[in-house]
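J.: Sharing a structure below in structure tokens format, with a few things to ask.
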Amino acid sequence: MARAASVKDVAARAGVSLGTVSNVLNRPDRVSPETRGRVEQAMRDLGFVRNESARQLRAGRSRTLAYVVLDVRNPFFTDVAEGAERAAEESDLSLFLCHSDNRASREADYLAHLVEQRVQGILVTPVDPAAPGLAEVRRNGTPLVIVDRTREDDKFCSVAVDDVLGGRLAVEHLVERGHTRVAFIGGPDSIGQVRDRLAGARRAWADAGLPPDQLVVVPTSGLTVVEGRSAGERVMGLAARRRPTAAFCANDLLALGLLQQLSTAGLAVPGDLAIVGYDDIDYAGAAAVPLTSVRQPRQELGRRAAELVMDEADNPDHLHQQLVFTPELVARRSTLG
Numbered sequence: 029m030a031r032a033a034s035v036k037d038v039a040a041r042a043g044v045s046l047g048t049v050s051n052v053l054n055r056p057d058r059v060s061p062e063t064r065g066r067v068e069q070a071m072r073d074l075g076f077v078r079n080e081s082a083r084q085l086r087a088g089r090s091r092t093l094a095y096v097v098l099d100v101r102n103p104f105f106t107d108v109a110e111g112a113e114r115a116a117e118e119s120d121l122s123l124f125l126c127h128s129d130n131r132a133s134r135e136a137d138y139l140a141h142l143v144e145q146r147v148q149g150i151l152v153t154p155v156d157p158a159a160p161g162l163a164e165v166r167r168n169g170t171p172l173v174i175v176d177r178t179r180e181d182d183k184f185c186s187v188a189v190d191d192v193l194g195g196r197l198a199v200e201h202l203v204e205r206g207h208t209r210v211a212f213i214g215g216p217d218s219i220g221q222v223r224d225r226l227a228g229a230r231r232a233w234a235d236a237g238l239p240p241d242q243l244v245v246v247p248t249s250g251l252t253v254v255e256g257r258s259a260g261e262r263v264m265g266l267a268a269r270r271r272p273t274a275a276f277c278a279n280d281l282l283a284l285g286l287l288q289q290l291s292t293a294g295l296a297v298p299g300d301l302a303i304v305g306y307d308d309i310d311y312a313g314a315a316a317v318p319l320t321s322v323r324q325p326r327q328e329l330g331r332r333a334a335e336l337v338m339d340e341a342d343n344p345d346h347l348h349q350q351l352v353f354t355p356e357l358v359a360r361r362s363t364l365g
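Just so we're aligned, residue 29 is where the sequence shown starts under the numbering used here, counting upward by one.
Pasting the structure below:
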């Protein structure tokens, strides 16, 4: 295997000192155009590639941010990442994506590795927002912002959406459409967003004066299309007196799976079952029956998270902020007919 060309090789070929090559790489304005051109030509001739990681190591941090994503299969998180990437690009930074797969051990491994790599800052949608490993990252000097989660304290920056309000909006819409038996589909309840969306649904139900047992909880083991189809089978299997006329799903993937199951069974949406999802991913509006959904500002979440972590890295007067965005209901054919 051929040895990679070094700065010393470039200097020898161009007939200049090592200091001159360093200036061309780092302070080109200090080198005459003629000499700079000669050095750059030597780099091209030798196939020289700058060792950026070594330079960043000497500087004490890299020109990268990282986002530890809970589930890359969920378009919600890729949309958040896109917003973060755009903010990073505007500051001449790169964004790395790491997939924790909703596993605390994998998340911890990624966080430790990213600290070792001296990334400029970390965005993370944590499995557990109270996990002590998050504070350990901060103690090691790496700024960290929590995305799509909240904590009980104000020791971190965070960006999230008011999911209790989102749950209220979803169920209020269904009640306004005349539904008095509704299923809430979502889980596991270890996920804070699921708990908050159900809490909001229950508040709206109570405010409407409807019997608590007519808001039926259909638990799922995950927020996936497959789990949505499984929930659809269970909803259709309920006794006629308990069978809901509408369903509020904790995210759009569940809602899409539910829609698929109903379609396979020959049932109509919203005629046999109205559906509200959550997130308003692109697939929601493009479904065979466009889904009513509670919209989250996904890209804005990512952008603001990246801006906060960059400010923490660069601004000695940085103050932690906990930003909570307001969701909105987008009504489509799955509830409007």
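Backbone N, C-alpha and C fix where the C-beta goes; we use that ideal spot for every residue, glycine too.
1) Using a threshold of 7 Å, is the CB atom of Gly250 nearer than that to any non-hydrogen atom of the ligand ZN?
2) With distances taken from CA atoms, which of Ala232, Ala158, Thr248 and Ala333 is nearest Ala112?
3) With 16 other CB atoms within 10 Å as the buried threshold, where does Asp241 fall?
4) Tell me which residues share the same chain as Arg86 and place their Cβ nearer than 7 Å to its Cβ, disregarding the 5 neighbours each side in the sequence.
5) I think Met264 touches Ala293, with their Cβ atoms under 8 Å apart; what is that distance to the nearest whole Å?
6) If you draw a straight line from the alpha carbon of Ala198 to that of Val254, how long is it in whole angstroms?
7) Enumerate in chain order the residues of its own chain whose CB-to-CB distance from Phe353 is below 6 Å, with the five nearest sequence positions on each side excluded.
8) Do you know how far the Cα of Ala115 is from the Cα of Asp107?
9) In the structure shown, what three-state DSSP assignment does Leu98 receive?
10) Please name the residue in Leu139, Ile174 and Ile213 whose C-alpha comes closest to that of Leu25.
11) In the DSSP output, what is Asp307 paired with across the bridge?
12) So, are the CB atoms of Val187 and Leu329 less than 8 Å apart?
13) Is Asp307 near Val358, with beta carbons less than 8 Å apart?
14) Identify whether Leu85 lies in helix, strand or coil by the three-state DSSP scheme.
15) For His127, which option in Ala94, Leu53, Val337 and Glu62 has the closest C-alpha, if you only look at C-alpha atoms?
16) According to DSSP, is Pro103 part of a helix, a strand, or is it coil?
17) Return the first residue and the last residue of the beta strand (DSSP E) that Glu356 is part of.
18) Report the rounded CA-to-CA distance for Asn168 versus His141, giving the unit in angstroms.
19) By Cβ distance, which residues of its chain are closer than 6 Å to Asn51, with the 5 residues on each side in sequence left out?
20) Fully enclosed by the region 203–285, which beta strand (DSSP E) runs are 3 residues long or longer?
21) With distances taken Cα to Cα, identify the nearest neighbour of Val222 among Ala236, Tyr138, Asp280 and Arg271.
22) Give the range of the alpha helix (DSSP H) segment to which Ser50 is assigned.
23) What three-state label does DSSP hand Gln349 in the structure shown?
24) Is the region 309–325 close to the region 334–352, with three or more CB pairs under 8 Å?
T.: The relevant details are as follows:
1) You won't find the ligand ZN in this model; it holds no ligand whatsoever.
2) Ala333
3) exposed
4) In this prediction, Arg86 scores a pLDDT of 48, lower than 50, which makes its location untrustworthy; the coordinate-derived value is nonetheless stated afterwards. Contacts found: none.
5) 6 Å
6) 22 Å
7) Val189 and Pro325
8) 13 Å
9) coil
10) The displayed coordinates of the chain run from 29 to 365. Any statement about residue 25 would go beyond what the structure contains.
11) Arg323
12) yes
13) no
14) Because the pLDDT of Leu85 is 48, which lies under 50, any placement of that residue in the model is unreliable, and the question is left without a value.
15) Ala94
16) helix
17) Glu356 to Val358
18) 12 Å
19) Arg58 and Val59
20) 210–214, 243–247 and 274–277
21) Asp280
22) Leu46 to Asn54
23) coil
24) no
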